[in-house]
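Data first, discussion second: the structure below is written as structure tokens.
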Amino acid sequence: MNIRRQLEERLSAALLAAVGKPMPAMVAPAAKAEFGDYQANGIMAAAKAAKTNPRKLAEAVLAKVDLSGLSEKVEIAGPGFINIHLRNEFLTAGVNALAADARLGVPPPDRPQRVVVDYSAPNLAKEMHVGHLRSTIIGDCLANLLVFTGQDVTRQNHVGDWGTQFGMLLAYMDRLGQSGQSADISDLEEFYRSSKALFDSDEDFARTARDYVVRLQAGDEHCRRNWESFLDQSLRHCEEIYQALGVRLTRADVYGESAYNADLPKVVGDLRAKGLLKESQGAQCVFLDEFKDAEGLPLPVIVQKSDGGYLYATTDLAAIRYRVGTLHADRILYVTGSPQALHFAQVFAVARKADFAPGDVQLEHIGFGSMLGPDGKPFKTRAGGTVKLMELLDEAKKRAYELVTGKNAADVAAGRANELDEQQRREVARAVGIGAVKYADLSQNRTSDYVFSFEKMLALDGNTAPYMQYAYARVMSIFRKAGLEVESVQASPIQLDQPQERALGLKLLQFSEVIDSVAANCQPNLLCSYLYDLARDFTGFYEACPVLDSPEPVRSSRLALSAGAARVIRTGLDLLGIQTVEQM
RNA sequence: GUGCCCGUAGCUCAAUUGGAUAGAGCGUCGGCCUCCGGAGCCGAAGGUUACAGGUUCGACUCCUGUCGGGCAUACCA
């Protein structure tokens, strides 16, 4: 059940009847408690369009609207807002339905969309570093969320497994082999560095490396075998990272640049056949009027270099064709950094022009800002190198372990918590440490840069993963104390008598609204702030409304309400890719 | 040069896409533990939303200009 949508539909219908033209009622949760539960903001705009007085129009809308059963009081306020106070019986029925619903009030879609989510996409020549973190975290969250809403999701890991650097790496593997050393690429970073150093200093080796690229592309069996073995080891490293992060990407989702290799000449051929191609300075280009250079001339999208090679625009065009033609995508999300905005705008424009992507296929670049260090500059090690992802995650877990260990000891001394053994503390530290890294990223507006700070993300207070996990553990401690399972009480009838119960119930019912917006706008920070609000509403309820000490049927009602809160928090965090723990 | 993004409390960030008196957290100050986990709760102070104009019932949001920052801008991805 989506309250907002119900109100929107009914009010929009009344608005249509009143002005004779379809106009959105613009229903939103009320900005302030005194304005009720929801407000309609669309009357003023509609009045302007219809050239009538907004307050009069509001009256006309209220005369026509059918909100029976939903609202107990509707008011016109200010220049023409409509404030809606919902009936308690309506909310109560909704909360009881949510408690019984495995999907927590999120309706399945009328027709599932096939959505391709392209994210993570590490370069397999090197070890994963912090530059891959945001794409991996944000993309995985969006994929989880779309799956939950019932869409048909295909994850695509567009790994960098092709290009000149692999010639260098393969040549280096062989050189080590010839001199009797085994090519140890367990430390990818070290292997890449050594081969790069040789490539830069030794002209002979550089020539050999370039020759290897040609051999690899020509399908030379030896090169091919070494290449595959290299990729296998590199992917194994990625999988360790994904596992450590709790990211749901697998081998089956890997569809790298090399997969499009054979298709690149066809892409260029098709563009030529459609008359979109122009040669310029020896390169094959598509010129687009909507992108201009300094002189106001159309900007080129180069799809084939003057030496015959292809570029990432070509690969991305081939990928669009594959995703539309073979995967039957209705919507494709590209989770990559904001600096690539122009690139994707160009690729999308070419894809439309060439009809690789029909107009009804949504192409969206889900851009994000950079991760900055505490100094506000790009996140680097003290020595100025790139930070390896595994080391970052290890440090997060280590810090979380110290935090958890110290806090648990204090809580045990104060008689507030059970003592956790070593094993339990390690598990909690993993959930908290990794959760902190992810939550800090996801709770931020995607498009802005953000400052990475272990201290802030592992802070004991505020809008952090530890706070959310604590809130969950606290709900669960009620059930532990009562000797009950969440599932065993969730069907009890819920009443919303106290204001705090009503506020919590309404918040639970808004879960589906938030899920809707996040799915539409790809803004996980909205889900974070919703969960934070929910946790605070729960705390308000918890402080004001005794659960276990209340007489029946209030006790059962409050237990069921708590169960609902626990399930929504757990589900919400799970969509963010964050684990919950029962005790901490 | 041109294009895109950004500039909000001392700090880190929000603001439901044009809605009502711009909200949280941290930090600061003041309260609350015979009470289901105080990693908590309640309250206070803190703002010319970079600046100057404009559009309208209404602007952090849209338009113009200025200042400051980031990114991109033909053969890396």
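For the record, in the first sequence the residue sitting at position 487 is 486 according to numbering that gives the first Met the number 0, with numbers rising by one throughout.
For each residue, glycine too, the CB sits at the ideal point set by N, CA and C.
Test item: CB-CB of residue i and residue j under 7 Å
{"i": "H128", "j": "L388", "result": "yes"}
{"i": "A565", "j": "V485", "result": "yes"}
{"i": "R557", "j": "V567", "result": "no"}
{"i": "L248", "j": "S369", "result": "no"}
{"i": "A39", "j": "L66", "result": "no"}
{"i": "L275", "j": "V285", "result": "yes"}
{"i": "R445", "j": "F367", "result": "yes"}
{"i": "G255", "j": "V158", "result": "yes"}
{"i": "V208", "j": "G166", "result": "First, the amino acid is wrong: residue 208 is Ala here, not Val. Yes, these two residues count as a Cβ contact at 7 Å."}
{"i": "V427", "j": "M583", "result": "yes"}
{"i": "M0", "j": "G93", "result": "yes"}
{"i": "K265", "j": "Y191", "result": "no"}
{"i": "T314", "j": "V302", "result": "no"}
{"i": "V105", "j": "I514", "result": "yes"}
{"i": "A562", "j": "V488", "result": "yes"}
{"i": "K63", "j": "A13", "result": "yes"}
{"i": "M467", "j": "A435", "result": "no"}
Span separating the alpha-carbon of residue i from that of residue j
{"i": "Q150", "j": "R113", "result": "6 Å"}
{"i": "N520", "j": "L175", "result": "50 Å"}
{"i": "E512", "j": "A518", "result": "10 Å"}
{"i": "L169", "j": "E227", "result": "10 Å"}
{"i": "K291", "j": "G461", "result": "46 Å"}
{"i": "G372", "j": "A382", "result": "13 Å"}
{"i": "V152", "j": "Q177", "result": "46 Å"}
{"i": "T380", "j": "Q216", "result": "36 Å"}
{"i": "A543", "j": "A416", "result": "22 Å"}
{"i": "G245", "j": "K396", "result": "13 Å"}
{"i": "E598", "j": "I81", "result": "Summary: the structure shown does not reach residue 598, with the chain confined to residues 0 through 583, and so no result is reported for it."}
{"i": "L503", "j": "A559", "result": "12 Å"}
{"i": "D100", "j": "F537", "result": "20 Å"}
{"i": "G539", "j": "Q499", "result": "6 Å"}
{"i": "N52", "j": "A46", "result": "6 Å"}
{"i": "P357", "j": "V349", "result": "11 Å"}
{"i": "E189", "j": "Y449", "result": "29 Å"}
{"i": "D219", "j": "Q164", "result": "17 Å"}
{"i": "V580", "j": "A409", "result": "19 Å"}
Spatially closest choice to residue i from the options, by CA coordinates
{"i": "V60", "options": "A16, A205 and V26", "result": "A16"}
{"i": "F355", "options": "S178, P523 and L326", "result": "L326"}
{"i": "Q497", "options": "I514, A435, G571 and V553", "result": "V553"}
{"i": "Y241", "options": "H131, Y541 and A472", "result": "H131"}
{"i": "E551", "options": "A49, S491, D160 and Y438", "result": "S491"}
{"i": "P23", "options": "L263, E8 and A30", "result": "E8"}
{"i": "P111", "options": "V436, D329, E390 and P338", "result": "D329"}
{"i": "L141", "options": "A13, I331 and A208", "result": "I331"}
{"i": "K437", "options": "K277, H157 and I137", "result": "I137"}
{"i": "Q578", "options": "V360, G432 and V26", "result": "G432"}
{"i": "L362", "options": "T335, F343, D160 and K352", "result": "F343"}
{"i": "L90", "options": "L507, N524 and R569", "result": "L507"}
{"i": "P28", "options": "A44, A48, P21 and R4", "result": "R4"}
{"i": "G336", "options": "P121, F198 and A293", "result": "P121"}
{"i": "C237", "options": "L495, L103, L457 and D160", "result": "D160"}
{"i": "Q423", "options": "I42, S555, T148 and V403", "result": "V403"}
{"i": "R271", "options": "V146, N156, K352 and Y469", "result": "K352"}
{"i": "P338", "options": "N260, S447 and L457", "result": "S447"}
Neighbourhood of residue i by C-beta distance below 8 Å, restricted to the same chain and skipping five residues each side
{"i": "G571", "result": "F510, L526, Y529, L530 and L533"}
{"i": "E71", "result": "H84, L85, R86 and N87"}
{"i": "A196", "result": "none"}
Cβ shell of residue i (< 6 Å), same chain only, five flanking positions each side left out
{"i": "L407", "result": "According to the sequence provided, residue 407 is Asn. The question's Leu does not apply to it. Cβ within range, chain order: L419."}
{"i": "M475", "result": "E581"}
Proximal residues to residue i (C-beta, below 7 Å), its chain only, five neighbours per side dropped
{"i": "S452", "result": "P373"}
{"i": "K277", "result": "C284 and F286"}
{"i": "N95", "result": "P492 and I493"}
{"i": "Y311", "result": "none"}
{"i": "R585", "result": "Beyond the ends of the chain as shown, which are 0 and 583, falls residue 585; an answer cannot be given."}
{"i": "S279", "result": "P299"}
{"i": "S194", "result": "M167, L168 and Y171"}
Heavy atom of the ligand FAD within 6 Å of residue i beta-carbon
{"i": "L326", "result": "Here there are no bound small molecules, and the ligand FAD is not part of this structure."}
Report the start-end ranges of each beta strand (DSSP E) in the stretch 90–116 that is 3 residues or longer and not cut off at the edges.
none
Could you tell me which whole beta strand (DSSP E) segments of length 3 or greater appear in the stretch 172–256?
none
Completely contained beta strand (DSSP E) runs for the stretch 38–92, where each covers 3 or more residues:
70–76 and 80–85
Pick out the complete alpha helix (DSSP H) segments inside the stretch 326–409, 4 residues or longer, and give them in chain order.
340–352
Contained beta strand (DSSP E) runs [length at least 3] in the stretch 114–155, N- to C-terminal order
151–155
Counting only runs that start and end within the stretch 490–563, where is the alpha helix (DSSP H) found for 4 or more residues in a row?
498–508, 510–520 and 523–543
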